[in-house]
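Heads up, the sequence shown is in full-length UniProt numbering, so the first residue is 1 and it goes up one at a time.
Virtual Cβ for every residue (Gly too), placed ideally from N, Cα, C.
Bear in mind the structure is a predicted one, so any value in this text is a computation, not a measurement.
Contents: one structure, followed by commentary.
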Amino acid sequence: MARIAGVELPQNKKVLFALPYIYGLGLTLSEKITEATKIDPDKRVKDLTEDEVIKLQKEVEKYEVEGDLRRLVIGNIRRLEDLKTYRGRRHQKGLPVNGQRTRSNARTKRGKRVTIGAMKKDAILKMEASAKTKAPATK
1 MARIAGVELP QNKKVLFALP YIYGLGLTLS EKITEATKID PDKRVKDLTE DEVIKLQKEV
61 EKYEVEGDLR RLVIGNIRRL EDLKTYRGRR HQKGLPVNGQ RTRSNARTKR GKRVTIGAMK
121 KDAILKMEAS AKTKAPATK
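Written as structure tokens, this is what we have:
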């Protein structure tokens, strides 16, 4: 069992393609790690010895991966939001951050389309009721 950085690597895959299962490692970094540890990238994970797994663990520890990286990314987004930058506000609103257009496209970021014109009365009433409960008290 090859457990590296808290991730159980798939046993039947080659080391080169198994390492990217760790959040923060891609193919390029996977190649660098296999070169640094002198492990054959075409070797299957199930065929790794204990020493090779330990070598891989030590090499992966040099990089920010998994929980540490996720915390770092979330921290960076929080910082942008706290500073009330343009990018931070886009994150808060759930809109594209890097200048993409939103008039058309941006469906993934904005969510499923809600049709306004052809709604039944009960659906409109539900929306209004939920809007009242969500709306904060204004001065």
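When DSSP reads this structure, Arg3 sits in a beta bridge with Glu8. Assignment of Lys32 by DSSP, reduced to helix, strand and coil, places it in the helix class.
Closest in C-alpha terms to Lys43, from the list Ala36, Leu72, Val114 and Asn12, comes Asn12. Checking the DSSP bridge columns, you'll see Arg44 partnered with Lys14.
Of the candidates Asp68, Val97 and Pro10, the residue whose Cα lies closest to the Cα of Arg87 is Val97. Sixteen is the threshold: when 16 or more other Cβ atoms of the shown chains lie within 10 Å of the Cβ of Arg90, as they do, the residue is buried. Here Val65 really is in contact with Gly24; their C-beta atoms are around 4 Å apart, less than 8 Å. Cα atoms of Lys62 and Asp47: separation of roughly 24 Å, rounded to the nearest angstrom. Here Asn76 carries a helix assignment [DSSP, helix/strand/coil].
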